[in-house]
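Colleague: Okay, here's the structure, questions in a sec.
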Amino acid sequence: MESVLKLEEVVKAYNKHLAVDRVSFEVPKGSIFGLLGPNGAGKTSLIRIITTITRADSGTVFLNGEKLGGRHPEVIGYMPEERGLYKKMKVGDHLIYLARLKGLSKSAAKEAINYWLEKFEITDWWDKKVEELSKGMQQKIQFIATVVHQPDILILDEPFSGLDPINTNLIKSEIHRLREEGTSIIFSTHRMEQVEEICENIVLINQGKNVLQGNVQDIKQQFKDNLFEIQLEGQPVLAENENMQIVSRNNGTLVVQLQDDRASNQLLRSLMDQGHHITGFREILPSLNEIFIRQVEADPKF
Amino acid sequence: MEKLLLIIRREYLTRVKKRSFILTTILTPLAFALFMVIVGFIFAYESDDVQRVAVIDEAGILESGGISNETSLIFSVEDRSLEELRANLESYDYDGILRIPPITNLYAKSYTIYYYSEKTPALDVETLISQKINKRIEAYKIQKLELDIQQLEALDSRVSINPEPLDPETETRSKMTGAVGAVIGTFMGIIMYMTVFIYGMMVMRSVMEEKTNRIVEVMISSVRPFQLMLGKIVGVGAVGLTQIAIWAILIPSLGLLVNLIFGFDTSGMESMGPGSQNIDPDEAANTVQQVMIALGEINWGSMIVLFLLYFLGGFFLYSSLFAAVGSAMSDDLGESQSLTLPITIPVLMAFYIMFVAVQSPNSSLAVWASIFPLFSPIVMPARLAFEPPIWEVVLSVVLLIGTCLLFIWISSRIYRIGILMYGKKVNIKTLGKWLFSRD
């Protein structure tokens, strides 16, 4: 698949502290990508390199197949974790200013801003000063400022921190819509459960190093323990052997671990043969959080 | 470049449109005008407290000529005795008694006269009386010693130095050039000093605000930190120029207006100084004429150009330093002071040297300070009216521009790191480290 962003062996050190240590990954075009890792793992350092705020000490970054350079900020939309606006500026002027710094002409900026203000039903905010808005309102403005220039790639650093549930939903649905329109989106967060449902691909960073990467479903398959949950009526008689262990048994809910995940059919058949009525059956896949913790604990340096 | 212009435009417009800016820009000249009106009224005010003074002339110095009255002082020579007057001062409607004892020694250098009154006489009354009596004693001595008045008047001569250039081709200078130059120089120096502080601090505060506001990270994902810093400095500098330009027009025109409406007699102000009665009107007119000639002699064109050059140079030099310091600061005020101090010290030093430069514009301190780029923006404008040698001006301007570029470069190196650095104690050493660290 074509990639919108490609990092090759990127290194960045601050005062001898290696913040980013030979990180490589690719972000497929038009996908939602998760940049995951605990606090201080080097996510923000990586993002600052991608957004051309800082430069990598070594390694290369390719954006749309070109080496990262001067004109690229205009195709990137970046919402930092710590966000702010000029308090004394009027909403309209502020958005025009930020849009024009991204290379939009004045009329194009106006048009795009009007589109977004209408979409969020806040056209009457144009002449309001930023300081007059509530925090939730400012978050909306911040989001508009990030996407107003129709970036090819949208980078959101902890986008939901400090967002109220309404704005969280609003932005989630906007992100999905933008993705439909072809925008590639990078999420950076330490809260894995938040992105599990959204992201197709992830990269896991720990202590500046790339720990794990790939398609979320593939990773889950790779790390799964072949656990199955069966809901049924009655007390089945199951003999444990090296191919099957009962993990828990509880009020008609049975959790078993199989040596081979293809053996699930066999298990079900034997249960059915015993005459039990099966009401539910599902494979338990590990959460990204569990996988991450497992990976970090496996890291001998930790 | 386009982005830089956008930044400059925003920095300029948001400040110029601010109510506080409009108010200070308009109110300051109004305050000046009001001040002039009040000062005018104060000086125009003459004491309504009329003092009646009885004079007992034991020396007989008033026989030829008497003593002239003033609006607030009325004299009358009395024949009654001191004792009688002292006892019945009020019934005779007097406020004080002036006794002039007989003059025994015509060659004495000092004489004592006595003034009897309930209240100690005011200073201006005292000086007025002693001046008048002094004149009478002089006349008395001339008469008694049988001196020739014409010869005496011939003794009273004055020397004034008329500065002439070595090269006879150049125009001669007026004698007031020095004084006028000093006034203009001080004025320019003070403007420069205030500009550096007020607008430099404005840059610093604004950088700090952007950092604590966290808008800066959004900004530098669109523009280079250098563009943001430079745009801010240029924008604020334009605000400063706007304000000074408005004042340069408003203050003199309001001053003129005040003079036209209230028509204060400015000569009244001059005559208030003690001993100024001796200035004869011809000489005053002559002084005014000399001042006008001196003002006319100044090359205003090159002076204004150079002033602007030093204004911009000084402003860029110091405000880039202020921007660097602002980027390194957190909200901790104590820390901010320890970082701004190294910048304020040279500004203060330059300010004091400026006063020396005005007094003796060609002293080696003045010359070297006006070439040294940290001092030159404040010291050189103070010397400009004295026409310093061309080579000094050229050297000073070249050094200033060079240092300016160097400081902007240094500051931008510190700035780009500082604005992304949070919660870190910063001192001069860390700033030095940032200077050489990579992007």
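For the record, the sequence lines run as chains A and B. Residue numbering for the first sequence follows our numbering, beginning at 7 and increasing consecutively. Residue numbering for the second sequence follows our numbering, beginning at 53 and increasing consecutively. Note that the Cβ used here is the ideal one computed from N, Cα and C, for glycine as well.
Comparing alpha-carbon positions, which option in A:Ser30, A:Gly46, A:Asn173, A:Gln145 lies nearest Ser64 of chain A?
Modeller: Per the Cα distances, A:Ser30.
Colleague: Closer than 7 Å by beta-carbon distance: list the chain B residues that pair up with Lys108 of chain A, in chain order.
Modeller: Result: Ser274.
Colleague: Please list the segments of the alpha helix (DSSP H) lying wholly inside the segment 112-197 of chain A, counting only runs of 4 or more residues, in order along the chain.
Modeller: Complete alpha helix (DSSP H) runs here, min 4: 112-125, 141-153, 171-186.
Colleague: Are the C-beta of Val288 of chain B and some C-beta of chain A separated by less than 7 Å?
Modeller: It does not: the Cβ of Val288 of chain B has no partner Cβ on chain A nearer than 7 Å.
Colleague: Out of B:Leu360, B:Val377, B:Lys476, which has the shortest C-alpha to C-alpha gap to Val449 of chain B?
Modeller: Of the listed residues, the one whose Cα sits closest to Val449 of chain B is B:Leu360.
Colleague: Please report the distance separating the alpha-carbon of Tyr146 of chain B from that of Arg138 of chain B.
Modeller: Distance between the alpha carbons of Tyr146 of chain B and Arg138 of chain B is about 10 Å.
Colleague: On the three-state DSSP scale, how would you describe Asn221 of chain A?
Modeller: Three-state result, Asn221 of chain A: strand.
Colleague: Give, in chain order, every residue of the segment 258-285 of chain B whose Cβ lies closer than 9 Å to some Cβ of chain D.
Modeller: Absence of chain D from the displayed structure is noted, the protein chains being A and B.
Colleague: Ordered along the chain, which non-local residues of its own chain (more than five positions away) have a Cβ less than 6 Å from that of Trp486 of chain B?
Modeller: Around Trp486 of chain B: Ile466, Ile469.
Colleague: Give, in chain order, every residue of the segment 182-212 of chain A whose Cβ lies closer than 7 Å to some Cβ of chain B.
Modeller: Answer in chain order: no residues at all.
Colleague: For Trp443 of chain B, is the classification buried or exposed, using 16 other Cβ atoms within 10 angstroms of its Cβ as the cut-off for buried?
Modeller: The residue is exposed, with fewer than 16 neighbouring Cβ atoms inside 10 Å.
Colleague: Identify every run of the beta strand (DSSP E) within the segment 60-107 of chain A, keeping only runs that are complete inside it and at least 3 residues long; order them along the chain.
Modeller: As far as the segment 60-107 of chain A is concerned, its whole beta strand (DSSP E) runs of at least 3 residues are 64-69, 82-85.
Colleague: I want to verify the contact list: residues of chain B whose CB lies under 9 Å from the CB of Met95 of chain A, in sequence order.
Modeller: Chain B residues near Met95 of chain A: Arg62, Thr66.
Colleague: Report buried or exposed for Leu125 of chain B, applying the criterion of at least 16 other Cβ atoms within 10 angstroms of its Cβ.
Modeller: Buried is the call here.
Colleague: Three-state secondary structure (DSSP) at Gly92 of chain B?
Modeller: Note: Gly92 of chain B maps to helix in three-state DSSP.
Colleague: With DSSP collapsed to three states, give me the class of Ala106 of chain B.
Modeller: Looking at Ala106 of chain B - three-state DSSP - the assignment turns out to be strand.
Colleague: Tell whether a beta-carbon distance below 7 Å holds between Ile395 of chain B and Leu373 of chain B.
Modeller: Yes; because the gap between Cβ atoms is below 7 Å, this pair is in contact.
Colleague: Taking Cβ-Cβ distances shorter than 8 Å, what residues in chain A pair up with Arg490 of chain B?
Modeller: Residues of chain A passing the Cβ test: Arg61, Asp63.
Colleague: Apart from the five residues just before and just after Ile201 of chain B, which ones in its own chain have a Cβ nearer than 8 Å to its Cβ?
Modeller: Correct list, in chain order: Ile194.
Colleague: Can you have a look at His283 of chain A and say buried or exposed, based on whether 16 or more other CB atoms are within 10 angstroms of its CB?
Modeller: His283 of chain A comes out exposed.
Colleague: Determine the direct distance from the alpha carbon of Arg132 of chain B to that of Tyr168 of chain B, and round the result to whole angstroms.
Modeller: Roughly 15 Å separates the two Cα atoms.
Colleague: Give, in chain order, every residue of the segment 74-105 of chain A whose Cβ lies closer than 9 Å to some Cβ of chain B.
Modeller: Residues passing the 9 Å Cβ filter: Gly76, Pro79, Glu80, Ile82, Gly83, Tyr84, Met85, Pro86, Glu87, Glu88, Arg89, Gly90, Leu91, Tyr92, Lys93, Lys94, Met95, Asp99, Tyr103, Leu104.
Colleague: Can you round the beta-carbon distance between Leu282 of chain B and Leu56 of chain B to whole angstroms, since I take them to be within the 8 Å contact cut?
Modeller: With 8 Å as the limit, Leu282 of chain B and Leu56 of chain B qualify as a contact, their Cβ atoms being about 6 Å apart.
Colleague: Hey, is Leu58 of chain B's beta-carbon within less than 7 Å of any beta-carbon in chain A?
Modeller: Answer yes: the Cβ-Cβ gap between Leu58 of chain B and chain A drops below 7 Å somewhere.
Colleague: Check for me: the alpha helix (DSSP H) holding Asp176 of chain B runs from which residue to which?
Modeller: Element bounds for Asp176 of chain B: 175-196.
Colleague: Specify the secondary structure class of Phe368 of chain B as computed by DSSP and reduced to three states.
Modeller: Note: Phe368 of chain B maps to helix in three-state DSSP.
Colleague: Looking at the unbroken beta strand (DSSP E) that takes in Val1 of chain A, where does it start and where does it end?
Modeller: Outside the modelled stretch of chain A, which goes from 7 to 308, sits residue 1 of chain A, for which no answer is possible.
Colleague: Can you list, in chain order, the residues of its chain with a C-beta nearer than 6 Å to that of Phe287 of chain A? Leave out the 5 residues immediately preceding and following it.
Modeller: Only Ile236 meet the Cβ criterion.
Colleague: What in chain B is Cβ-close to Thr57 of chain A, meaning under 8 Å?
Modeller: Going along chain B in sequence order, the residues near Thr57 of chain A (Cβ under 8 Å) are Ser273.
Colleague: To the nearest angstrom, how far is it from the Cα of Leu134 of chain B to the Cα of Ile152 of chain B?
Modeller: Cα to Cα, the separation comes out at about 11 Å.
Colleague: Can you tell me whether Arg67 of chain B is helix, strand or coil according to DSSP?
Modeller: Reduced to three states, the DSSP call for Arg67 of chain B is helix.
Colleague: With a threshold of 7 Å between beta carbons, is Lys69 of chain B in contact with chain A?
Modeller: For Lys69 of chain B, the answer is no, since every Cβ of chain A falls outside 7 Å of its Cβ.
Colleague: For Ile242 of chain B, verify whether its CB is less than 6 Å away from any heavy atom of the ligand ATP.
Modeller: Here there are no bound small molecules, and the ligand ATP is not part of this structure.
Colleague: Name, please, each residue of chain A whose Cβ falls closer than 7 Å to the Cβ of Lys55 of chain B.
Modeller: Neighbours of Lys55 of chain B on chain A, chain order: Leu107.
Colleague: To the nearest angstrom, report how far apart Gly76 of chain A and Ser412 of chain B are at their CA atoms.
Modeller: Answer to the nearest angstrom: the Cα atoms are 53 Å apart.
Colleague: Could you round the C-beta distance between Asp99 of chain A and Gly142 of chain A to whole angstroms and report it? I think they count as a contact, below 8 Å.
Modeller: The Cβ separation is near 21 Å, so there is no contact.
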